[in-house]
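All the letters of the sequence shown, read from the start, carry residue numbers 27 to 266 under the numbering used here. Built from N, CA and C at the ideal position, the CB exists for glycine as well. Data block below; observations after.
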Amino acid sequence: MVTVKPERTVEPERTVKPGLDDGADEAEPGVGLPVGGELRLDLSALGVDGSAPDFGERLCRLSSDNHPYDFQYSAQGELIVMAPTGPDSNIGENEINIFLGMWRHGYGGMSYSQTVLFRLPSGAAYMSDAAWITQERDDNLTDLERRGGVNGAPDFVVEVRSRSDRLPPLLAKMEEWMDGGARLGWLLDYRTRRVHIYRPGQAVEVLENPETLSGEDVLPGFTFAVRRLIFDRLNPVESE
Numbered sequence: 027m028v029t030v031k032p033e034r035t036v037e038p039e040r041t042v043k044p045g046l047d048d049g050a051d052e053a054e055p056g057v058g059l060p061v062g063g064e065l066r067l068d069l070s071a072l073g074v075d076g077s078a079p080d081f082g083e084r085l086c087r088l089s090s091d092n093h094p095y096d097f098q099y100s101a102q103g104e105l106i107v108m109a110p111t112g113p114d115s116n117i118g119e120n121e122i123n124i125f126l127g128m129w130r131h132g133y134g135g136m137s138y139s140q141t142v143l144f145r146l147p148s149g150a151a152y153m154s155d156a157a158w159i160t161q162e163r164d165d166n167l168t169d170l171e172r173r174g175g176v177n178g179a180p181d182f183v184v185e186v187r188s189r190s191d192r193l194p195p196l197l198a199k200m201e202e203w204m205d206g207g208a209r210l211g212w213l214l215d216y217r218t219r220r221v222h223i224y225r226p227g228q229a230v231e232v233l234e235n236p237e238t239l240s241g242e243d244v245l246p247g248f249t250f251a252v253r254r255l256i257f258d259r260l261n262p263v264e265s266e
């Protein structure tokens, strides 16, 4: 098992996402990665088999043993070590998860926050900021899936751009979610007040500062006030 200690600073192989204005956030004292940063380690050179049935469970255990870091796995065989995000990003994640959770209590299915792995057909194992699967899928999850990650992408998936996230990697991740079987995806970018909406087999729709978002036929009756709950709180528009 690979273990990454919070107090250890890893320099040679570090890949850090730039923050605002393409500058990287500074690391907190005693922490090896900057807030919101990421480190990628090539596990394929070590012969790690990401397709092993228990790989998801071991990846979840790795995250649990190395709090506060999260661990994901790319289709290219890279272990992705994610540092904690700042409070701004957490506000956006919390809001969408609160309202998604309330909706599913009335309509069924299961919603998930940022700590649940989804194992894609490409071999990647990712966590989203918010997700939902149908009641049928939830009822048929195996014991292994409940311990170590759901097979396939969520039916509905949300990513919230944080201060340190560059847009191109997030756009690429959204494409991976859709290729993995997602039926509706939202990328919420409070920095530009834009929403990228993904639907299977369709061009990405970009909305400029929308007031609300609809769950469409995937989440019937679900409406999210993205402008009031996220954009206006994290990127307020100055009055003239």
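Span separating the alpha-carbon of residue i from that of residue j
| i | j | result |
| --- | --- | --- |
| Glu185 | Asn235 | 16 Å |
| Val42 | Glu83 | Low per-residue confidence applies at Val42: pLDDT is 33, beneath 50, and the placement is therefore not dependable enough to give any value. |
| Trp212 | Arg254 | 16 Å |
| Thr249 | Ile122 | 10 Å |
| Arg145 | Glu237 | 33 Å |
| Arg187 | Ser90 | 24 Å |
| Arg189 | Asn166 | 37 Å |
| Pro113 | Asp155 | 14 Å |
| Pro262 | Leu170 | 44 Å |
| Arg87 | Asp164 | 22 Å |
| Glu242 | Gln140 | 23 Å |
| Val176 | Asp80 | 12 Å |
| His93 | Pro226 | 35 Å |
| Ser240 | Pro246 | 8 Å |
| Asn120 | Ala78 | 32 Å |
| Pro147 | Leu197 | 18 Å |
| Thr218 | Phe97 | 28 Å |
| Glu202 | Pro194 | 13 Å |
| Val230 | Asp258 | 24 Å |
| Ile124 | Asn116 | 12 Å |
| Arg172 | Tyr224 | 27 Å |
Any C-beta of chain B under 8 Å from that of residue i
| i | result |
| --- | --- |
| Leu67 | Chain labels in this structure do not include chain B; a single protein chain is all it has. |
Pair within 8 Å by beta-carbon distance, residue i and residue j
| i | j | result |
| --- | --- | --- |
| Thr160 | Asp181 | yes |
| Arg209 | Val244 | yes |
| Gly149 | Ala101 | yes |
| Ala269 | Tyr138 | With the chain covering only 27 through 266, there is no way to say anything about residue 269. |
| Leu143 | Met153 | yes |
Residues of its chain near residue i, where Cβ-Cβ distance is below 7 Å and the 5 sequence neighbours each way are ignored
| i | result |
| --- | --- |
| Glu104 | Arg66, Leu67, Asp68 and Leu69 |
| Arg220 | Val232, Leu233 and Glu234 |
| Gly118 | Val186, Leu214, Tyr216, Ile256 and Leu260 |
Nearest-angstrom Cβ-Cβ length linking residue i and residue j, presumed shorter than 8 Å
| i | j | result |
| --- | --- | --- |
| Val107 | Tyr95 | 6 Å |
| Val183 | Leu214 | 11 Å between Cβ atoms; not a contact. |
| Gly178 | Gly206 | 6 Å |
| Met200 | His222 | 7 Å |
Cβ neighbours of residue i in the same chain (closer than 6 Å, five flanking residues each side left out)
| i | result |
| --- | --- |
| Gly134 | Gln161 |
| Asp47 | Confidence at Asp47 is low in this model, with a pLDDT of 34, below 50, so its placement is unreliable and the value that follows should be read with caution. Once the five neighbours on either side are set aside, Asp47 has no close Cβ partner at all. |
Other residues of its chain near residue i: CB distance less than 8 Å, five sequence neighbours each side excluded
| i | result |
| --- | --- |
| Gln228 | none |
Subject >> Touch test, the stretch 69-86 against the stretch 127-138, Cβ-Cβ under 8 Å, three pairs minimum >> reply: Taking 8 Å as the limit for Cβ pairs, the verdict is that the stretch 127-138 does not touch the stretch 69-86.
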